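This report refers to the structure that appears directly beneath it.
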Amino acid sequence: MRQMLIAFFLILAAPAWAETRDPANHFFQPKFGDLQADLQEARKQGKQGIFLFFEMDACPFCERMKTTILNQSDVQDDYRAKFLLYPIDVNGDTEMTDFQGNHTTEKAFAFGLRVRATPVLMFFDLDGKMVARHTGPVKNKDEFMLLGRYVSEGAYTTQHFIKYKQGK
Numbered sequence: 000m001r002q003m004l005i006a007f008f009l010i011l012a013a014p015a016w017a018e019t020r021d022p023a024n025h026f027f028q029p030k031f032g033d034l035q036a037d038l039q040e041a042r043k044q045g046k047q048g049i050f051l052f053f054e055m056d057a058c059p060f061c062e063r064m065k066t067t068i069l070n071q072s073d074v075q076d077d078y079r080a081k082f083l084l085y086p087i088d089v090n091g092d093t094e095m096t097d098f099q100g101n102h103t104t105e106k107a108f109a110f111g112l113r114v115r116a117t118p119v120l121m122f123f124d125l126d127g128k129m130v131a132r133h134t135g136p137v138k139n140k141d142e143f144m145l146l147g148r149y150v151s152e153g154a155y156t157t158q159h160f161i162k163y164k165q166g167k
């Protein structure tokens, strides 16, 4: 009886194990360092914009989001369907081109956008205009999915995310 019970619980738990994937390979896309070119690619692929995840090494909140939210296959599939997704290291010296075609580094780009804490989640439309910003980690997967819907539905044009969240 005990073995049957254990087997039953393993069968129930198996789908949960299968639903997690490494966010480095399944959430974020490879960076080429040219956000202007990425905008063109987003348009070509029919995306709604670009999502940037500003992070830094040893950020416990960034790590928590990666291991509890960004690793979920349904989150990955939903966000990848709507946006191009890139991490930005707020302390990084990696060279890049911003949305206006200026050459900069990840660190200078983040500083210019007033990123002072991590994580910061930013959504940009297909013209490179920031349309939504969330500073700090989201509470859970549901809130992160709601944030993506808030942007993809265009609700950011009429209300703040807090109001949108209260209405859902």
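Residue numbers (numbering that gives the first Met the number 0): 0 to 167.
Quick reminder that beta carbons are idealized off the backbone N, C-alpha and C, glycines included.
Note that the coordinates shown come from a computational prediction; the quantities given were computed from them, not determined experimentally.
* To do: Identify, in the order they occur along the chain, each residue of the same chain with its Cβ nearer than 8 Å to the Cβ of P136, setting aside the five sequence neighbours on each side.
  => As a first step, residue 136 must be located in the sequence shown, where it is residue number 137. Cβ within range, chain order: F60, C61, R63, M64 and P118.
CA-CA distance, D21 and T104?
The residue you call residue 21 lines up with position 22 of the sequence shown. The residue you call residue 104 lines up with position 105 of the sequence shown. C-alpha separation (whole angstroms): 26 Å.
- Query: Which residue comes first and which comes last in the beta strand (DSSP E) that contains A131?
  - Reply: Your numbering for residue 131 matches position 132 in the sequence shown. Start and end: M129 to T134.
* Asked: Do you know how far the Cα of D97 is from the Cα of A13?
  -> Taking the sequence shown and counting its residues from 1, one reaches residue 13 at position 14. Taking the sequence shown and counting its residues from 1, one reaches residue 97 at position 98. The predicted model places A13 with a pLDDT of 41, which falls under 50 and marks its position as unreliable; any figure quoted below should be read in that light. So the two alpha carbons sit approximately 42 Å from each other.
- Find the nearest neighbour of V150 within the set K140, F123, N70 and D141, judged by alpha-carbon distance. Walking along the sequence shown from the start, residue 150 turns up at place 151. Taking only the C-alpha atoms, the option nearest V150 is F123.
| said: My parser needs the beta strand (DSSP E) runs of 3 or more residues fully inside the stretch 20 to 61; what are they? | reply: 48 to 54
Presumed contact (8 Å Cβ cut-off) between M121 and R132, rounded CB distance: As a working mapping, residue 121 is identified with position 122 in the sequence shown. As a working mapping, residue 132 is identified with position 133 in the sequence shown. Yes, M121 and R132 are in contact; Cβ-Cβ is about 5 Å, under 8 Å.
Work out the CA separation of Y163 and F108 for me, nearest whole Å. For the purposes of this step, residue 108 is taken as residue 109 along the sequence shown, with counting starting at 1. For the purposes of this step, residue 163 is taken as residue 164 along the sequence shown, with counting starting at 1. Their backbone Cα atoms lie some 29 Å apart in a straight line.
Quiz item: Hey, how far is the Cα of Q44 from the Cα of F50?
Solution: If you number the sequence shown from 1, residue 44 lands on position 45. If you number the sequence shown from 1, residue 50 lands on position 51. When rounded, the distance between both Cα atoms is 15 Å.
Requested in this report: Within the same chain, show all residues whose beta-carbon is closer than 6 Å to that of L69, passing over the 5 residues directly before and after it, in chain order.
Outcome: Mapped onto the sequence shown, residue 69 falls at position 70. Result list for L69: P22 and F26, in chain order.
Point to revise | Reduced DSSP category for L112 - H, G, I as helix; E, B as strand; rest coil | key: Taking the sequence shown and counting its residues from 1, one reaches residue 112 at position 113. Of the three classes helix, strand and coil, the one that applies to L112 here is coil, per DSSP.
Alpha carbons only, please: which of F110, M129 and I87 is nearest the one belonging to Q47? By one-based count along the sequence shown, residue 47 stands at place 48. Ranking F110, M129 and I87 by Cα distance to Q47 puts M129 first.
For E18, three-class secondary structure by DSSP
Taking the sequence shown and counting its residues from 1, the one referred to as residue 18 is at position 19. Coil.
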